[in-house]
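Q: If you read the protein sequences in the order shown, they are chains A and B. Counting in this note's numbering, the first sequence runs from 23 upward without gaps. Counting in this note's numbering, the second sequence runs from 17 upward without gaps. Glycine included, C-beta positions come from ideal geometry on N, C-alpha and C.
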Amino acid sequence: MESKYSGYMGRVVMYDLSTQTLTDYPWSDRERELFIGGKTMASKIMLDNFTGQEKPFSEENLIVITTGPLTGTGAPSSSRFNISTLSPQTLITTSSNCGGRFGWYLKKAGFDALILKGKCPEHSWLEINNDKFVMHNADDLWGLKTGETQEALQEKHKMPNGKLMKYGQLAIGPAGENQVLYASVISDERASGRGGVGAVFGWKNLKAITVRGNKTVPVKDPEKTKQWIIKWDKYIKSHPLTGNQLPRLGTAGLVSSMQMRGMLSSKNYNYGKYEHFDKVNGETLAEDFNIVNKGCLTCPMKCARTVEVNGKPVKGPELETLGLLGGGILNPNLADILKWNYEIDELGMDTISASSTLAYAMEANEKGLWKNGLEFGKTDNISQIWDDVAHRRGIGAELADGSKRLSEKYGGKEFAIHSKGMELAAYEPRRAVGQGLGYAVSNRGGCHLNGGYLVIVEGLGLYTNPLTHHAKADFTMLFQNLMETISASGQCLFTSYAFFPGFLITRPNGVITTIANKAIPFIGGVLRLINRVSPALALHLPVFHHTKIFSYALGMPMTFGKYIRTGERSYNVERLVNSKFGVNASWDTLPKRLTDTPQDPNNPKTKVPLETLKKTYYKARGWDQNGLPTKHTLRKLGLGEYC
Amino acid sequence: MINVELFGLFRLDTKIKGFELDPSAEGVSTVKDIYPILLKKAKEVNPATKICAKDIDGCIIIINGVQSKKSAHVNDGDKIQLMSPVCGG
């Protein structure tokens with residue numbers, strides 16, 4: 023269905039892996055206005071196709087691969103694509119966002135989204151060349167690691183003159199083939215890591231997808247778009263966070279800051295500090311290991327690290343992996359983390375869930391609940407453990423199911439650090455209680471980003487009181503909504519960090535910053551009002567370039583208020599999908615270690631006051647006490663048909 | 017002695033991980049008094065360093081694990097951590 027809006031290719035297709043048939047999936051301009059693209063579009067498709075009876079490993083489960091309308095327009099950091107599916111890890115929806123080239127090439131092939139259903143009758147890989155979909159036998163690829171698979175695919179994409187075609191690719195590794203519940207999908211070096219999307223690929227016998235095409239993404243007003251992108255790029259590059267810190271230290275630069283705030287999870291979240299943090303932080307990574315910075319297509323930040331492992335340049339670890347495989351398991355050896363990060367990616371697993379599950383197992387062993395031989399600080403056998411997990415061998419077969427299921431089997435639920443079955447990132451929420459709320463209510467489970475990433479005002483970018491519950495629920499909702507729309511548009515969430523005026527960041531001790539930090543807990547009411555009447559904010563903010571690009575590149579009217587409301591709709595659609603699978607307030611939880619045990623025994627405030635926060639959050643969201651959107655809320659968001 | 021540690025881009029820009037100083041000998045009574053000493057050391061280590069007083073003035077200050085101001089008094093035995101702003105994750 024062609025669109026009046028630019029940025030879109032105008033086609034959403036559904037491909038049946040069982041029958042190898044391709045059909046167009048109806049997607050109207052009204053839906054483009056309401057749901058934009060990316061994870062929101064995927065949620066809407068899942069909402070309309072799932073009854074609540076589907077199982078993750080079933081032919082009925084869908085894999086929904088979506089792009090955003092800005093993907094391919096040249097907008098900053100807009101090469102993202104999204105994979106959504108019913109997660110085998112959480113048994114609810116997961117959306118996993120990824121950089122790399124795949125999304126851009128999917129649009130060049132003429133598609134805004136690709137929906138996969140059914141199951142390949144044999145090990146297969148899918149080749150997409152414009153409208154042509156060809157399924158190939160993948161017996162020769164089965165068993166290969168993600169890098170090896172992608173290298174093998176390169177051989178299949180050489181032209182007669184030996185030159186490589188231009189294409190995008192996705193691949194799973196052994197973990198996906200063996201349905202490790204947190205298996206990832208890898209695209210080039212980037213990972214669609216969270217929620218076990220790779221396991222669903224594996225169950226469906228789908229080893230890889232390649233895509234290429236020769237179409238061009240339409241842009242409404244090329245000149246205005248170009249000028250706006252130049253201005254935006256310049257702003258991002260001049261901002262102290264997105265223009266300096268992220269390019270030079272990457273996300274790894276957070277380790278030291280988190281340590282100083284008591285937010286760096288250590289020994290499976292027993293503590294918020296790690297005594298050897300300086301051996302595994304971003305500074306040491308940059309000084310001793312980083313070879314070069316690397317970025318996704320059209321990204322001015324280039325936050326990725328390239329490091330050397332066994333003489334080969336490979337992707338370096340992000341903050342989450344450094345935290346969880348450093349202090350999380352009491353390992354002070356950075357070289358080991360680089361190696362393990364590479365190995366986990368190659369095997370096709372989520373580094374966060376893999377690391378946190380390992381930490382749980384170490385603590386369960388220490389407490390005598392599960393004699394598995396794993397010990398904090400004992401790291402000589404970890405590479406073998408990863409391989410065993412990916413191939414479901416020995417204790418690896420059990421670790422492959424994640425910390426939630428292990429704690430149900432062996433005990434220790436209070437220290438299985440997950441929410442809804444998905445393990446948390448390295449941010450210790452007892453020193454950032456708003457982040458704790460975010461982890462708990464996040465639609466895909468224990469995700470720091472889907473949770474609103476409140477740590478950025480609770481100690482990283484700004485330093486408002488991290489232990490108060492005041493205003494945190496309203497801030498969480500606002501940030502979640504903003505990030506939903508950024509993600510739906512195909513952009514990287516990191517572009518939002520430039521939202522904070524630079525002087526607040528570079529003058530942490532300045533008068534205005536001090537006032538801002540002190541005032542934030544008292545502006546909950548103002549934020550509530552903004553959230554409630556957001557469409558009335560028919561304006562563009564000078565620090566938020568994301569709205570005007572909609573008019574210039576897509577020809578779609580957008581304001582800051584509409585942007586927030588779109589994100590709110592997105593969050594509610596995802597919640598509606600989850601509610602079909604039983605999600606309600608009882609699912610929005612954290613392990614008792616984080617809610618009942620103060621991090622500092624002398625400071626009872628150093629725990630997450632989750633029930634208080636949830637109550638305010640549900641009210642702010644217009645949800646009932648059971649954590650579900652009310653009819654009024656759904657109608658307000660244009661979702662009345664789902665009442 | 018006071019133990020000063022640098023983190024974030026300060027550390028990359030100055031190429032200094034940390035140093036010790038004697039507050040009475042150096043005339044240091046507040047955090048702010050450390051800044052010119054740090055700047056001098058940075059220029060000694062790397063004369064081409066781009067770090068300037070304004071950058072240092074914008075650092076996050078942690079004294080013995082507690083966020084503090086540049087006007088905070090420092091005492092013998094203190095551990096002072098200076099860090100450039102960060103984000104991302």
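Lys95/B lies in the beta strand (DSSP E); which residues open and close that run?
A: For this step, residue 95/B is matched to residue 79 along the second sequence. That run of the beta strand (DSSP E) goes Lys95 to Met99.
Q: Note down the Cα distance separating Lys66/B from Ser65/A, rounded to an integer number of angstroms.
A: Within the second sequence, numbered from 1, the residue matching residue 66/B stands at position 50. Within the first sequence, numbered from 1, the residue matching residue 65/A stands at position 43. The straight-line gap from Cα to Cα measures roughly 48 Å.
Q: With DSSP as the reference, label Tyr37/A as helix, strand or coil.
A: By one-based count along the first sequence, residue 37/A stands at place 15. Note: Tyr37/A maps to strand in three-state DSSP.
Q: How is Gln191/A classed by DSSP in three states: helix, strand or coil?
A: For the purposes of this step, residue 191/A is taken as the residue at position 169 of the first sequence. It is a strand residue.
Q: Using a C-beta cutoff of 8 Å, does Leu98/B count as contacting chain A?
A: For the purposes of this step, residue 98/B is identified with residue 82 of the second sequence, where counting begins at 1. No, because no Cβ of chain A sits closer than 8 Å to the Cβ of Leu98/B.
Q: Out of Asp49/B, Glu21/B and Asp29/B, state which residue places its alpha-carbon closest to the alpha-carbon of Glu36/B.
A: The residue given as residue 36/B occupies position 20 in the second sequence. Cα-wise, what sits closest to Glu36/B is Glu21/B.
Q: Assuming the contact rule is C-beta atoms closer than 8 Å, Ala386/A and Tyr432/A should be a hit. Round their C-beta distance to whole Å, please.
A: As a working note, residue 386/A is residue 364 in the first sequence. As a working note, residue 432/A is residue 410 in the first sequence. 5 Å between Cβ atoms; contact.
Q: Alpha carbon to alpha carbon, what distance is there between Phe124/A and Asn62/B?
A: Locating residue 62/B in the second sequence gives position 46, counting from the first residue. Locating residue 124/A in the first sequence gives position 102, counting from the first residue. So the alpha carbons of these two residues sit roughly 43 Å apart.
Q: Check whether the segment 221-234 of chain A and the segment 285-299 of chain A are in contact - that is, three or more C-beta pairs closer than 8 Å.
A: Result no; under three Cβ-Cβ pairs closer than 8 Å.
Q: Identify every run of the beta strand (DSSP E) within the segment 434-491 of chain A, keeping only runs that are complete inside it and at least 3 residues long; order them along the chain.
A: none
Q: Of the choices Asp410/A, Ser209/A, Ala274/A and Thr247/A, whose alpha-carbon is the least far from that of Cys318/A?
A: The residue given as residue 318/A occupies position 296 in the first sequence. That would be Ser209/A, whose Cα lies nearest to the Cα of Cys318/A.
Q: Along the chain, where does the alpha helix (DSSP H) containing Pro52/B start, and where does it finish?
A: On the second sequence, residue 52/B is found 36 positions in, with the first residue counted as 1. From DSSP, the alpha helix (DSSP H) with Pro52/B extends over Ile50 to Val61.
Q: Quick one, are the C-beta atoms of Pro110/A and Pro78/A less than 8 Å apart?
A: Counting from 1 along the first sequence, the entry for residue 110/A is found at position 88. Counting from 1 along the first sequence, the entry for residue 78/A is found at position 56. The Cβ-Cβ distance between Pro110/A and Pro78/A falls below 8 Å.
Q: Thinking Glu81/A and Ser40/A are a contact (beta carbons under 8 Å), I'd like their distance in whole angstroms, please.
A: Locating residue 81/A in the first sequence gives position 59, counting from the first residue. Locating residue 40/A in the first sequence gives position 18, counting from the first residue. Indeed they touch by this definition, with Cβ atoms about 6 Å apart.
Q: Quick one: list the residues of chain B neighbouring Tyr485/A, beta-carbon separation under 7 Å, in chain order.
A: Along the first sequence, one-based indexing puts residue 485/A at 463. Gln83, listed in chain order.
Q: Per DSSP, which residues does Gln83/B bridge with? Please list them.
A: Position 67 of the second sequence holds residue 83/B. Gln83/B is bridged to Ile78/B.
Q: Tell me, to the nearest whole angstrom, how far the beta carbon of Lys167/A is from that of Gly195/A; I am working on the premise that it is less than 8 Å.
A: To locate residue 167/A, count along the first sequence from 1; it is residue 145. To locate residue 195/A, count along the first sequence from 1; it is residue 173. Between Gly195/A and Lys167/A the Cβ distance is about 5 Å, and since that is below 8 Å, they are a contact.
Q: Within a Cβ cutoff of 7 Å, which residues of the same chain sit near Lys259/A, ignoring the five residues on either side of it in sequence?
A: Indexing the first sequence from 1 puts residue 259/A at position 237. Correct list, in chain order: Gly265 and Pro322.
Q: Compare the beta carbon distance of Val630/A and Gly458/A with 8 Å and say whether it is the shorter of the two.
A: Start at 1 with the first residue of the first sequence, and residue 630/A comes out as number 608. Start at 1 with the first residue of the first sequence, and residue 458/A comes out as number 436. Contact: yes.
Q: Could you check what DSSP says for Arg327/A in three-state terms: helix, strand or coil?
A: Within the first sequence, numbered from 1, the residue matching residue 327/A stands at position 305. Strand at Arg327/A.
Q: Looking at the structure shown, is Lys653/A part of a helix, part of a strand, or coil, going by DSSP?
A: Reading the first sequence from its first residue, position 631 is the one you call residue 653/A. Helix at Lys653/A.
Q: Is the distance from the Cβ of Ile439/A to the Cβ of Tyr204/A below 8 Å?
A: One-based indexing of the first sequence puts residue 439/A at position 417. One-based indexing of the first sequence puts residue 204/A at position 182. Contact: no.
Q: Report the three-state DSSP secondary structure of Thr581/A (helix, strand or coil).
A: Indexing the first sequence from 1 puts residue 581/A at position 559. If DSSP states are grouped into helix, strand and coil, Thr581/A belongs with coil.
Q: Excluding the 5 residues flanking Asn332/A on each side, which residues of the same chain have their C-beta closer than 8 Å to its C-beta?
A: As a working note, residue 332/A is residue 310 in the first sequence. Only Lys361 meet the Cβ criterion.
Q: List the residues of chain B that Ala538/A touches, going by C-beta distances under 7 Å, in chain order.
A: As a position in the first sequence, residue 538/A is number 516, starting the count at 1. Ordered by position in chain B, no residue passes the 7 Å Cβ test against Ala538/A, which lies about 14 Å from the chain.
Q: Taking the alpha carbon of His179/A as the point to measure from, which residue in Asn200/A, Leu148/A, Asp153/A and Met384/A has its own alpha carbon closest?
A: On the first sequence, position 157 is the one that residue 179/A refers to. The shortest C-alpha separation from His179/A is found at Leu148/A.
Q: Just to confirm, is the Cβ distance from Thr93/A to Trp126/A under 8 Å?
A: As a first step, residue 93/A must be located in the first sequence, where it is residue number 71. As a first step, residue 126/A must be located in the first sequence, where it is residue number 104. It is a contact, given that the beta carbons lie within the stated cut-off.
Q: Tell me the rounded alpha-carbon separation between Glu663/A and Leu635/A.
A: Here residue 663/A refers to the residue found at position 641 when the first sequence is read from its first residue. Here residue 635/A refers to the residue found at position 613 when the first sequence is read from its first residue. Using only the alpha carbons, I get a separation of about 30 Å.
Q: What does Ile76/B touch in chain A if you count any residue whose Cβ is under 7 Å from its own?
A: Along the second sequence, one-based indexing puts residue 76/B at 60. Going along chain A in sequence order, the residues near Ile76/B (Cβ under 7 Å) are Pro530.
Q: Please list the terminal residues of the continuous beta strand (DSSP E) segment that includes Ser509/A.
A: On the first sequence, position 487 is the one that residue 509/A refers to. The continuous stretches of beta strand (DSSP E) do not include Ser509/A, which lies in the alpha helix (DSSP H) extending over residues Lys494 to Ala510.
Q: Return the chain-ordered list of same chain residues with a C-beta closer than 6 Å to the C-beta of Val86/A, the five sequence neighbours on each side being excluded.
A: Your numbering for residue 86/A matches position 64 in the first sequence. Cβ neighbours of Val86/A beyond the five flanking positions: Ala64, Ile67, Ser106 and Ile137.
Q: Roughly how far, in whole angstroms, is the beta-carbon of Glu668/A from the beta-carbon of Met578/A, given that I think they are within contact range, below 8 Å?
A: Here chain A comprises residues numbered 23 to 665, so residue 668/A is not present and cannot be evaluated.
Q: Starting from the beta carbon of Phe23/B, find every residue of chain A whose beta carbon is closer than 7 Å, and list them in chain order.
A: Here residue 23/B refers to the residue found at position 7 of the second sequence. Those are Ser278 and Glu305, listed as they occur along chain A.
Q: At what residues does the beta strand (DSSP E) containing Asp46/A begin and finish?
A: Counting from 1 along the first sequence, the entry for residue 46/A is found at position 24. Where Asp46/A is concerned, the enclosing beta strand (DSSP E) stretches over Thr43 to Asp46.
Q: Going along chain B, which residues have a C-beta under 7 Å from Pro262/A?
A: Within the first sequence, residue 262/A is the residue found at index 240, counting from 1. Under the 7 Å cutoff, chain B gives Pro101.
Q: May I ask which residues mark the beginning and end of the alpha helix (DSSP H) holding Phe35/B?
A: Taking the first residue of the second sequence as 1, we reach residue 35/B at position 19. Boundaries around Phe35/B are those of the beta strand (DSSP E), Gly34 to Leu37, since no alpha helix (DSSP H) includes it.
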